[in-house]
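As they're listed, the protein sequences go chains A and B.
Counted from 1, the first sequence has number 162 at position 162 by the numbering used here; the numbering is strictly sequential.
Counted from 1, the second sequence has number 1045 at position 45 by the numbering used here; the numbering is strictly sequential.
Don't be surprised by glycine CBs; every beta carbon is placed ideally from N, CA and C.
Number of protein chains: 2
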Amino acid sequence: MSLVIIGTVAFDAIETPFGKTDKIVGGAATYASLAASYFYKNTKIVAVVGDDFHQEDIEEFSKHGISTEGLQIKAGEKSFFWSGKYHNDLNSRDTLATELNVLADFDPVIPESYQDCEYLLLGNLTPQVQQTVISRIHKRPKLVVLDTMNFWMDVAMDDLLKTLKMVDVLTINDAEARQLSGEYSLVKASKKILAMGPKYLIIKKGEHGALLFHENKVFSAPALPLEEVFDPTGAGDTFAGGFMGYIAKTGDISFENLRRAIIFGSAMASFCVEKFGTERLKNLPKEELDGRIQEFINLAQFDIELV
Amino acid sequence: MSLVIIGTVAFDAIETPFGKTDKIVGGAATYASLAASYFYKNTKIVAVVGDDFHQEDIEEFSKHGISTEGLQIKAGEKSFFWSGKYHNDLNSRDTLATELNVLADFDPVIPESYQDCEYLLLGNLTPQVQQTVISRIHKRPKLVVLDTMNFWMDVAMDDLLKTLKMVDVLTINDAEARQLSGEYSLVKASKKILAMGPKYLIIKKGEHGALLFHENKVFSAPALPLEEVFDPTGAGDTFAGGFMGYIAKTGDISFENLRRAIIFGSAMASFCVEKFGTERLKNLPKEELDGRIQEFINLAQFDIELV
């Protein structure tokens, strides 16, 4: 049994009010698989890079026990590259460059060894490619989670709606939930979106935490108030990876366990934003992770007895 | 022993995307005392109105066991009037009219029977008047809570800073916390504001809940995701009133109990916004309130055991 994660493995160049980076390794599958690896040891990625990708960066995956058998390396081609600059409040950003390169004609390959996939995380990519991955895994996984973004709502809504019918969980942010549903109220938005296919909807609200909707129930997870958000890049992917890694580890897809998984995902995301890129996810001691989870417990708990 | 609440008792005319009202009874002391009355029976208001205020509106306070001995009625003068129109997202509004009337030279009178004040809530008013009330209560109350707004930061910052040194708890919204501290990060803002005097800081974030800061600790309270916010007027005052009423009822000013009080305040605010003005606060059965508190428990709880 395994957790399969599809998404980008790419180069990013990031500028925040705190500094800027040269090309560093990023991409949804990178953040998500690193985050998942702290919970679940049988994590596998499906992605594509060019031959500009360094062997030592691929070894970073192996060090975390992540299988890269599904990572295609295209000779003579370049990896996907994104460059962006965050505004002072770090809540918005300008894209400075997007070079699709190898991503332009990405045809995901699912190695035979990935066919034991029990948990599937579809990181942000064209809905068409996300569908292809679902169709190429022979046995329907126990849980399929889809991450997407406003861009695909603008340019590929029909494909996205088709993909939504094939998944169990959708994760998007609050602005995207409003765009997808046409409703301002997130409660109303959640009803419309759950009617589109997924059984669970996670709405990410950045510094305000996340909401999990299921049937007529809702869970509100806090975000850890941080002194400083250094670089928000990859926070959403890290959240999804931590969430999926915890579910894969526990093998429990109940609503109660999804609540817990959101706290673990949020904790991983809170580490991610503390430094540039994946730096904070490369070597995270168990004690630090446990301490962060304890902070979430202290942050959110209250004991009220109704009399 | 009693809970004394100072603030406006006034007329509002409100327009939201859902409709508009004629002049209805509003004001910080109105919302806060009604909310508090569901928890604590010895609540007293200090305020001023004109003789345009109706006897039946004053009786509404009495019906809830709220003392109006400190409510001055100025013959030949008019009550404070505010009129506003909310935008479609209900997160912002335009003020259409502000008529100070009796508020222009409000000199708060503290009746002798109010000198047993143990809990004091200073609703939004000029910091100078808030100070006057503190000085006219002979025995320092067990807990003094200050509510204020950006307007006083713009026009009376020195007075506000002086008042801040005299109180235990400050409640403001996130934009106001940023303005008062000059810090974007709410964690950094909280440190600066706690250094200005109050021992506790509550940052209200509307649909995103509230944060309670104390020393180096923080509590994050969720807001109940609502299908529809009908009229946000008075939500912050209602929150403060429910918060104070619960503290007065329990007589416990520990950090743990303040956490609980925030949940009760949030529950009262979630009722307030369901209808225009104070309508929802006039007759709230205990079962409904208990049900709402249970919704908050279901909304926020998760059980994680670290191993």
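Sorting B:1210, B:1054, B:1138 and B:1151 by C-alpha distance to the C-alpha of residue 1171 of chain B places B:1210 at the top.
For residue 290 of chain A, at least one C-beta of chain B is nearer than 7 Å to its own C-beta. Judged by their CB atoms, residue 1163 of chain B and residue 1127 of chain B are nearer to each other than the 7 Å cut-off.
Annotation: the continuous alpha helix (DSSP H) that includes residue 34 of chain A extends over 28-37. When rounded, the separation of the alpha-carbon atoms in residue 1154 of chain B and residue 1213 of chain B is 24 Å.
One thing to note: residue 1011 of chain B has its Cβ no nearer than 7 Å to the Cβ of residue 263 of chain A.
290, 293, 294, 297, 299, 300, 302 and 304: these are the residues of the stretch 274-305 of chain A whose beta carbon lies less than 7 Å from some beta carbon of chain B, given in chain order. Taking a C-beta cut-off of 7 Å against chain B, the contacting residues of the stretch 252-264 of chain A are 259, 260 and 263, listed in chain order. For the C-beta of residue 186 of chain A, the chain B residues within less than 7 Å are, from N- to C-terminus, 1225. Against residue 205 of chain A, the close residues of chain B are 1208, in the order they occur along the chain (beta-carbon pairs closer than 8 Å).
Per DSSP, reduced to three states, the secondary structure at residue 69 of chain A is strand. Close CB contacts of residue 159 of chain A within its chain, under the 6 Å cut and outside five residues either way in sequence, are with 127 and 128 (chain order).
In this structure, the alpha-carbon of residue 1202 of chain B lies about 7 Å from that of residue 1169 of chain B. From the listed residues A:124, A:139, A:96 and A:145, the smallest Cα separation to residue 151 of chain A is found for A:124.
Residue range 43-50 is occupied by the beta strand (DSSP E) that includes residue 48 of chain A. For residue 1203 of chain B, the enclosing beta strand (DSSP E) has its first and last residue at 1200-1204.
Neighbours of residue 167 of chain A across chain B, judged by C-beta separation under 8 Å, do not exist; the nearest C-beta is about 22 Å away. Taking the beta carbon of residue 212 of chain A as reference, no residue of chain B falls within 7 Å; the closest one sits roughly 10 Å away.
In the structure shown, the three-state DSSP call for residue 114 of chain A is helix. Here residue 1155 of chain B carries a helix assignment [DSSP, helix/strand/coil].
In this structure, residue 1186 of chain B sits near residue 225 of chain A, with a CB-CB distance shorter than 7 Å.
Apart from the 5 residues on each side of it in sequence, residue 1061 of chain B sits with its Cβ closer than 6 Å to the Cβ of 1068 in its chain, given in chain order. In the structure shown, the three-state DSSP call for residue 1093 of chain B is strand. Residue-level contact by beta carbon holds for residue 220 of chain A and chain B, with a gap shorter than 7 Å. Under DSSP, residue 134 of chain A forms no beta bridge with any residue. Distances from the alpha-carbon of residue 1114 of chain B to those of B:1182, B:1177, B:1056 and B:1042 put B:1042 closest. Here the C-alpha atom of residue 89 of chain A lies approximately 20 Å from the C-alpha atom of residue 82 of chain A.
A direct Cα-Cα distance of roughly 18 Å separates residue 1055 of chain B from residue 1022 of chain B. About 7 Å separates the Cβ atoms of residue 204 of chain A and residue 239 of chain A, confirming a contact at the 8 Å cut-off. By the Cβ-count criterion, residue 1135 of chain B is exposed, with fewer than 16 other Cβ atoms from all chains shown falling within 10 Å of its own Cβ.
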